[in-house]
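Each remark here refers to the structure printed beneath this line.
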């Protein structure tokens with residue numbers, strides 16, 4: 001998603017897409033992508049069926065809870081990365097992970113671990129996301145070494 005929606009807007013998009021699916025309404029291209037992700041997560045269907053209850057719900061990792069909207073949003077981010085091959089080469093790494101696991105959904109979960117690690121590191125130590133950390137993590141899952149030359153991070157490009 002190339003915009004910065006509020007938490008309620010982002011969650012509302014998932015709820016609205018699910019409702020449109022249930023009522024047989026026409027979906028946009030982005031909603032079709034999101035719907036395929038929602039369908040792959042039956043464990044969240046009961047949440048999606050009750051927006052009034054879960055729009056403001058807090059999920060805390062300290063209690064071992066997974067925020068379903070964060071999880072779904074990471075799937076969307078990975079689909080967007082793959083569709084535009086950004087960072088460059090991500091589409092190939094995705095395909096290799098999917099081939100290794102025999103399952104695209106499982107490959108996305110592997111990628112999520114790396115994406116989450118990169119985000120956590122950026123939040124913990126400041127600065128922007130480190131594409132080298134992300135790509136190195138993915139390559140490591142495939143038993144590949146580091147890239148020959150580091151990539152330039154978007155936040156390192158002078159204005």
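Numbering (the numbering used here), first residue to last: 1 to 159.
Each residue gets a CB set at the ideal place from its N, CA and C atoms; glycine is no exception.
Fill in: Minimum length 4: unbroken alpha helix (DSSP H) runs contained in the segment 37-117
45-48, 51-54, 68-84 and 90-101
Practice prompt. Flag this pair as touching only if the segment 38-50 and the segment 7-23 have three or more C-beta atom pairs under 8 Å; answer yes or no.
Written response: yes
Worksheet item: How about the segment 115-122 and the segment 98-106: do they share at least three Cβ pairs that are nearer than 8 Å?
Response: no
Fill in: Which of helix, strand or coil DSSP assigns to residue 138
helix
Item to complete: Measure the alpha-carbon distance for residue 83 versus residue 62 and round it to whole angstroms.
Response: 34 Å
Worksheet item: Considering only C-alpha positions, which residue in the set 155, 69 and 42 is nearest to residue 55?
Response: 69
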